[in-house]
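For reference, the structure discussed in these notes is given below.
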Amino acid sequence: MTPHAAPRSGERAQLALFPSLGGDIAPRDAQDLMAWPFFSLAKRRRVTPIDFRMGATWISVEAVPEHGMATIWDADVLIWAASQIVAARDAGLPTSRLMATTPHEILTFTGRGTGKDHYDRLKAALDRLQSTTVATSIRQQHQRRRHRFSWINEWQERLDGDGRPLGLELILPDWFYAGVVDRTFVLTIDRAYFDLTGGLERWLYRIVRKHGGQQEGGWSFDVSHLHLKSGALSPLKQFAFELRGIVRRQSLPGYALAIERAFGRERLTFAPVPADPFEKAARRMGLAVDNRP
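With my numbering applied, the sequence shown covers 3 to 295.
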């Protein structure tokens, strides 16, 4: 990064700057990112590519050894960005792929601390998002067409003339931005999502929220199908073991989970839990809710 904000050139010169609206907005997630394997679910560095094929849908995710693959925790930055874009659009304000914010705003929005170590982790997350490359057929008019991008085209720290931090700027890729601008591709998520600590737990919430929605009858998936969709490196046996643990804990906000067994196969079922009005209002306001007995 350069010590001072450089004159805008290239892609930056063609984009209007979109200053963030602050943190008091509902968290939104992009449905494509919720439904398909785009991120590493492990906290340890992953460089093994994700190579996913299901019918006409294919996804390839590649990482560089220096930074490793973008993780599902790094994707919190994209949730923050999607939330900003949707809130501005709903308020009739212009948006852009070039966004200006502060590390403090992203960290507090996603439920992180604001100490130096958290700032350093955020910068590492931005590096992984920028260096991870994705190629996919999703949302391409012709399924064989290749669309390749990084989760962040570029990012930079902004400093004043004395070297004091002013914030940061980042440029989102067209593919992500177009999906968020189209309101049919975005869902509101529970703010308690940011409290989930496990990679599989976070991924499972996103896919449950995407497919379960508010359908009274819920939804279900074969466990082996979920394993394929996760892109996880763990074998099916380990994946199923961890899944059963999540079901025992019932840790996904807003959903009840169960495992059904039939003909030697396991199937995960999930259905929305009616929210307590007080709890729902508290979560909307970003207040902590203690569900312990």
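Backbone N, C-alpha and C fix where the C-beta goes; we use that ideal spot for every residue, glycine too. Only a predicted model underlies this, so the values are computations on that prediction, with no experimental measurement involved.
Extent of the continuous alpha helix (DSSP H) run through residue i
i    : result
L238 : L238 to R251
R208 : G201 to G214
Y179 : D176 to V183
W82  : D78 to D92
R14  : E13 to Q16
Backbone secondary structure at residue i - three-state DSSP
i    : result
V275 : coil
Q145 : At Q145 the pLDDT is 48, less than 50, meaning the model places this residue with poor confidence; the figure from the coordinates comes in the next sentence. DSSP places Q145 in coil when its eight states are reduced to three.
V66  : coil
I61  : strand
D263 : Reading off the sequence shown, one finds Arg at residue 263, where the question assumed Asp. R263 falls in the strand class under three-state DSSP.
A234 : coil
R114 : coil
M152 : Rather than Met, the amino acid found at residue 152 in this sequence is Ser. Correct three-state label for S152: strand.
T186 : helix
L228 : helix
L270 : strand
Cβ pair residue i, residue j closer than 8 Å
i    : j    : result
A127 : D197 : no
T134 : I61  : no
V275 : G247 : no
E64  : I173 : no
I27  : A83  : no
Q142 : H149 : yes
F111 : I74  : no
E262 : A242 : no
Span of the beta strand (DSSP E), counted from its first residue to its last, around residue i
i    : result
P105 : Looking at the DSSP string, P105 is not in any beta strand (DSSP E); the run it does join, the alpha helix (DSSP H), is P105 to F111.
F223 : W221 to D224
L172 : P167 to I173
L254 : Neither: L254 is in no beta strand (DSSP E) and is coded neither H nor E.
A72  : Note, A72: premise wrong, no beta strand (DSSP E); not H, not E.
Cut-off 8 Å between Cβ atoms - residues of its own chain near residue i, not counting five sequence neighbours on either side
i    : result
A18  : P96, S98 and L100
F272 : V210, G214, G220, W221, S222, L254, Y257, A258, L259 and A260
I191 : P29, R30, D31, I81, Y207, R208 and R211
Spatial neighbours of residue i in its chain, beta-carbon cut-off 6 Å, leaving aside the 5 residues before and after
i    : result
I87  : T97 and V182
P175 : F151 and N155
L202 : L43 and E244
Residues near residue i by beta carbon distance below 7 Å, same chain, minus five either side
i    : result
R114 : H120
P39  : I52, F54, I61, K231, S232 and G233
H69  : D129, R130 and S133
CB contact below 8 Å: residue i versus chain C
i   : result
A90 : Absent from the structure: chain C. Only one protein chain is present.
**OP:** Any chance you could list the beta strand (DSSP E) runs of at least 3 consecutive residues sitting entirely within the segment 22 to 57, in chain order?
**Re:** 30 to 32 and 52 to 56, all fully within the segment 22 to 57.
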